[in-house]
């Protein structure tokens, strides 16, 4: 950083490769493309900004008047969230690194786009989240809930499902720091137990989940990625997380595991997908007994359908996202704290669930099935926002299956195709008629010369 003259100031910022990609245009100069971040900053501050790439990232140089350079620096830091301008509370923690590995880590940085890479901060954030529940009346004893069903608000964190062709290591989405295996669909599980009759939290459960394929390919991964990508600690395997969950739930119900009934608890999720697809698929990867899956993942309550039913809202008026649900209830869409996406989402799910309970909502299942392999029955017609599972047959009677929306779409496509064919046929007939008329006028109706 230095000053050339009183009229012009030059300041240089060191940024990471990812931050440089956010800033730089194809030619390497910020603002060279229309609508770029730097072009906007340059126009607003009357400065010139350029990027020089190096091995660790890039040097961003800002030239202009002292006032303009200060303003441009502030705007750039706000736009791309430079690490020196964001506190740990603003950045959150990386769930991938919390599981033991993140491919996005760099030697010269303290985190990635997903959050901080610090084992100490990760443990602190997790402990803070778990400590938010009310203290039990007897120290060291789990609270026991008398109301049934016990609500289990659930949120899941992980990567988007990889292609069905196989788990091939490669670039992941911006929020993904894994190697591309199927188990990375679920790397974090947040559950808050809610007593709906008292409209209060009872207990919290949170675990980071380490994919088993990471352990199988540990040597291969350590050859492919630098040591900084590996955390000093590892998260639990899915089977261990499931064992902890099966200890936690009966203690809240005040019974033994053998005495737990499916009607004693009810999953509450922001979407159907978590209980209908994700958790059964993850159980299958881990070799969990089908009978156990059928017992725990038989029924659930989707908040989208709760709003439609409880407030008698039509599809087009019912809130679809969590933020919209919170605003409908007069709540802030977020508590402004940043932990992980899974924790942040679950915080909204809990607030919405508690407010619904205060407004007189009596929990009932909005979806159920005889087993995880059986077709799902839904309380309300589907909104068409989640595709139907493959090869899931429709149920008979007056219940609505998720596949009904797909059938309607197919019918609409067929009708549209027929309509287009008829229009094309009519045009062909008109064109043929026109040709015949022209032919008759030019040749048939033309007078013969002697």
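Residue numbers (our numbering): 260 to 709.
Just so it is clear, CB atoms sit at the ideal spot from N, CA and C, and this is done for glycine as well.
- With contacts defined as CB atoms closer than 9 Å, residue 376 and residue 490 qualify as a contacting pair.
- The beta carbon of residue 602 sits closer than 6 Å to the beta carbons of 388, 449 from its chain, once the five residues preceding and following it are set aside; these are given in chain order.
- Here the alpha carbon of residue 322 sits roughly 29 Å from the alpha carbon of residue 370.
- Counting only runs of at least 4 residues, the region 585-638 fully encloses the following alpha helix (DSSP H) elements, listed from N- to C-terminal order: 600-617.
- The beta carbon of residue 454 sits closer than 6 Å to the beta carbons of 404, 406, 461 from its chain, once the five residues preceding and following it are set aside; these are given in chain order.
- Three or more beta-carbon pairs separated by less than 8 Å are not found between the region 555-562 and the region 481-489, which leaves the two stretches without contact.
- At a Cβ-Cβ threshold of 9 Å, residue 451 and residue 609 count as neighbours.
- Residue pairing for residue 560: DSSP places it in a beta bridge opposite 527.
- Leaving aside the five residues that flank residue 416 on each side, the residues in its chain whose CB is nearer than 7 Å to its CB run, in chain order, 354, 446, 447, 599, 600, 601.
- For the pair residue 272 and residue 310, the Cα-to-Cα distance works out to about 10 Å.
- Residue burial is scored here from C-beta neighbours: residue 312 has fewer than 16 other C-beta atoms within 10 angstroms and is therefore classed as exposed.
- In this chain, residue 369 is not harboured by any alpha helix (DSSP H), its DSSP state being neither H nor E.
- In the three-state reduction of the DSSP assignment, residue 536 falls in the helix class, which pools H, G and I.
- A Cβ-Cβ contact shorter than 9 Å links residue 393 with residue 459.
- In the DSSP assignment, residue 466 falls within the beta strand (DSSP E) that extends over 459-467.
- Across the set 572, 562, 475, 627, the C-alpha of 562 shows the shortest separation from the C-alpha of residue 615.
- The bridge partners DSSP lists for residue 374 are 371.
- At least 9 Å separates the beta-carbon of residue 352 from that of residue 300.
- Under the criterion of beta carbons closer than 8 Å, residue 381 and residue 418 do not qualify as touching, at roughly 18 Å.
- Between residue 580 and residue 529, the alpha-carbon positions lie close to 8 Å from each other.
- Relative to residue 473, the option among 495, 411, 374, 267 whose CA is nearest is 495.
- Buried is the label assigned to residue 542, since at least 16 other Cβ atoms lie within 10 Å of its Cβ.
- Looking at the DSSP output, residue 322 bridges to 269, 307.
- As the crow flies, the alpha-carbon of residue 689 is around 60 Å from that of residue 527.
- Boundaries cannot be given for residue 353, as no beta strand (DSSP E) includes it and DSSP labels it neither H nor E.
- Contact between residue 502 and residue 559 does not hold, since the beta-carbon distance rounds to 22 Å and is not under 8 Å.
- Residue state for residue 497 is assigned as helix, using DSSP reduced to three classes.
- Within the model, the alpha-carbon separation for residue 361 versus residue 544 is close to 21 Å.
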